[in-house]
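Asker: I'd like to ask some things about the structure below.
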Amino acid sequence: MFRILKNRNYLRFWLGQIISQLGDGFTRIAIVYLVATLSKDPLAIGLVIFAQLLPTAFFGIFFGPLADKYNRKWLMVGADFYRMVIVCLMIPFHHSAAALIILIAFQGLGSALFDPARSSSIPDLVGEENIQQAISLSQSTRAAMDIIGPSVGALLMMTNNYNFIFAIDSVTFAVSALFILSLRNLGKNKLAAARSSESYFSSIGSGVKEVVGMPALRFLLILLMPITLVCGILNTNLIAVLTNEFHVSAFHFGFIEAASAVGVIFGAGFAAPYALKKLNPSTIFLLGTATIGVLMVVIIPVDTLQLLYGILPVYIWSIMTGVMNAFLNVPLSSIFLKITPSAFRGRGSSLLGITASTSSMIGILFGGWLSKEIGVLYGTAISGALLIIVAGFMPFLKGYKSLSVQQTESIPETAVPAAVNE
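Position 316, counted from 1, in the sequence shown is what this note's numbering calls 625; the numbers after and before it change by one each time, with no gaps.
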């Protein structure tokens, strides 16, 4: 996996990711703590999550075409400097929970622009044959930063100087932008350049038509809805399960969160890449979906096991959940980038983000309601059972078969993009 870092351009790209996500970890834990203490309202924490997801869900469709029509390097640099300014604005407003939530939403606009440009740039930097390695490294890096960032952020919070935390994060965005600026062979997609005469709104329509018009991609987007919805339920219920049902102490709570991230690192860095050498990405995705469902169902016996054997079963469950998270995300990103025509990868990535964000938001709401009705343990288990049913039906659907076939075929770089009537 790390051999791909011999590619100097991707190395700089990766270093920018490390620095930016490290700063994000500082800010994320600071904002959650500030909003929780300033508002004294548990609903406010949910609003922070919604504020992060809303920009992609509602504006992603408008940002995706920009990654296909314009220079991706400058889009990412612009998005980084924009987010730097937004984080700087958090300094004078860190005493207001409402202002912080609004600024998080504005920061999300920058991420909604940055993410499609970043995702669609990976094949340009590493080549089609190295996409899986690049995605595995990216996923494991994100998981590592999810451990290191909040941990260091918590130490910085002991100084009670939140202005310093926000200042550090703003600097990390500037450093990330400088790394991206140093990439010489990253720019505008060559095929998209040939279509530059297409109007902006027409490019939105042609992108949706092309991506949704491919049976494999259409099936993947439809399949992503129930999966991310259930994962949204899991994310909503997990904290309540650990604190209210398992009665995990504050000491173990942080380590359990870290254990899950360690599972993601192992899954993305080693287990998923090894499995992808033996099986098709669609098969790995199917197994990951089913296993996540099983892990959600066995949350009920884990409750009994932790009473008998202590906290160890909870740690094992959390690590396995992290590993299976990688078995979903690595093949999903790999499949999507490989089978999406290069001229439409920006718009395809934005559609993927819109689908995931919207379904996650619905899952968060539905998970909260379901937990109130039947409890967090049974709500989690029933949601997992639904995911197992989805995974069980997947191999028999026409879209899954077309997805398996599509992975063995290469997308010709001279493919003519679909057009819409202007």
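C-beta atoms are modelled at their ideal positions from N, C-alpha and C, and glycine is treated no differently.
Pick helix, strand or coil for Ser508, following the three-state DSSP scheme.
Answerer: Coil.
Asker: Whole beta strand (DSSP E) runs in the stretch 642-713 with 3 or more residues, listed along the chain?
Answerer: Runs found: none.
Asker: Give the single residue among Arg656, Asn546, Tyr319, Met399 whose Cα lies nearest to the Cα of Asn439.
Answerer: Among Arg656, Asn546, Tyr319, Met399, the Cα nearest to that of Asn439 is on Tyr319.
Asker: Determine whether the beta carbon atoms of Phe594 and Leu706 lie at a separation below 8 Å.
Answerer: No, these two residues do not count as a Cβ contact at 8 Å.
Asker: For Gly693, which of Ser445, Lys315, Leu543, His403 has the nearest alpha-carbon?
Answerer: Of the listed residues, the one whose Cα sits closest to Gly693 is Leu543.
Asker: Give the straight-line distance between the Cα atoms of Leu538 and Ser445, rounded to the nearest whole angstrom.
Answerer: Computed Cα separation, rounded: 23 Å.
Asker: Comparing alpha-carbon positions, which option in Arg427, Ile625, Ala599, Ala486 lies nearest Ser642?
Answerer: That would be Arg427, whose Cα lies nearest to the Cα of Ser642.
Asker: Do you know how far the Cα of Lys378 is from the Cα of Ala502?
Answerer: Confidence at Ala502 is low in this model, with a pLDDT of 49, below 50, so the placement of that residue should be treated as unreliable; the coordinate-derived value is given next. Looking at the two C-alpha atoms, the distance is approximately 7 Å.
Asker: Following the continuous alpha helix (DSSP H) through Met393, name the residue where it begins and the one where it ends.
Answerer: First-last of the alpha helix (DSSP H) with Met393: 381-398.
Asker: Under a three-way DSSP split, which group does Asn638 fall into?
Answerer: Asn638: helix per DSSP, three-state reduction.
Asker: Is it a yes or a no for the stretch 400-418 touching the stretch 362-370, going by three-plus beta-carbon pairs under 8 Å?
Answerer: Flag = yes, the stretch 400-418 and the stretch 362-370 touch.
Asker: Pick helix, strand or coil for Ala322, following the three-state DSSP scheme.
Answerer: Just to set this straight, residue 322 is Phe in the shown sequence, not Ala. It is helical.
Asker: How about Ser711 and Pro432: do their beta carbons lie closer than 8 Å?
Answerer: In this structure, Pro432 does not lie closer than 8 Å to Ser711 by Cβ.
Asker: Quick one: what does DSSP say Pro364 is sitting in, helix, strand or coil?
Answerer: In this structure, Pro364 counts as helix in the three-state DSSP scheme.
Asker: Report yes if the CB atom of Leu409 is closer than 8 Å to the CB atom of Val480, and no otherwise.
Answerer: Contact: no.
Asker: Can you tell which of Gln615, Gly514, Leu696 has its C-alpha closest to the C-alpha of Val606?
Answerer: Among Gln615, Gly514, Leu696, the Cα nearest to that of Val606 is on Leu696.
Asker: Kindly list the residues whose CB is nearer than 7 Å to the CB of Ile663, restricted to its own chain and excluding five residues on each side of it in sequence; keep chain order.
Answerer: If we look at Ile663 and ignore the five residues flanking it on each side, its Cβ neighbours are Thr365, Ala366, Gly369, Ile370.
Asker: Apply the 10 Å Cβ neighbour rule to Thr468 and answer buried if 16 or more other Cβ atoms are within range, or exposed otherwise.
Answerer: The residue is exposed, with fewer than 16 neighbouring Cβ atoms inside 10 Å.
Asker: Applying the criterion that 16 or more other CB atoms from any shown protein chain within 10 Å of the CB defines a buried residue, is His756 buried or exposed?
Answerer: As displayed, the chain neither begins before 310 nor continues past 731, which places residue 756 out of reach and without an answer.
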